[in-house]
Amino acid sequence: MKSKKVPMRLCVGCGEMKPKKELIRVLKDKEGVIDLDFTGKKSGRGAYLCRNMDCFQAAQKGHRFERSFGCRLSEEIYEEMKHALQAELAGSSDHLP
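Per this note's numbering, residue 109 is the first one in the sequence shown, and the count goes up by one each step.
Here's what the structure looks like:
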């Protein structure tokens, strides 16, 4: 039986190629709203990020989200994304044995 191809995506923080399911999708929708898409199924332009704060901070410092989406991001948007990522990481660490 043939093995299924695993989709790979590039993390904008560390620049490593990883399986899509291991990454968090950062989304810009039609209205220009930037948000984190933990399901990976919302429509819009996407960039991918590892599930750690180091990659988020590297992407923020290097203005990599702005380059991916072609627009400037305010500090409020970065703060909202940071809090959502911290909440997701805190929630996912509760499930670990």
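C-beta atoms are modelled at their ideal positions from N, C-alpha and C, and glycine is treated no differently.
The structure presented is a predicted model; accordingly, all values stated were derived computationally and were not measured.
**Prompt:** Curious, which full-length alpha helix (DSSP H) runs of at least 4 residues does the stretch 166 to 195 contain?
**Reply:** For the stretch 166 to 195, whole alpha helix (DSSP H) runs of length 4 or above, ordered along the chain, are 172 to 177.
**Message:** At the level of alpha carbons, what is the spacing between Tyr-156 and Met-109?
**Reply:** Their Cα atoms are separated by approximately 31 Å.
**Asked** Helix or strand or just coil, what does DSSP make of Lys-113?
**Response** Taken through DSSP and simplified to helix, strand or coil, Lys-113 comes out as coil.
**Message:** Using the three-state DSSP reduction, which class does Asp-143 fall into: helix, strand or coil?
**Reply:** Reduced to three states, the DSSP call for Asp-143 is strand.
**Item:** Beta-carbon separation (whole angstroms), Pro-115 vs Lys-128, contact threshold 8 Å
**Value:** Going by Cβ atoms, the distance from Pro-115 to Lys-128 rounds to 4 Å, so yes, they are a contact pair.
**Asked** Rounded to a whole number of angstroms, what is the C-alpha to C-alpha distance between Cys-179 and Arg-172?
**Response** When rounded, the distance between both Cα atoms is 11 Å.
**Message:** So, with DSSP's three-state summary, where would you put Cys-158?
**Reply:** In the three-state scheme derived from DSSP, where H, G and I count as helix and E and B as strand, Cys-158 is classed as coil.
**Assumed close pair Arg-159, Leu-118 - CB separation to whole angstroms, cut-off 8 Å** = No, Arg-159 and Leu-118 are not in contact; Cβ-Cβ is about 15 Å, not under 8 Å.
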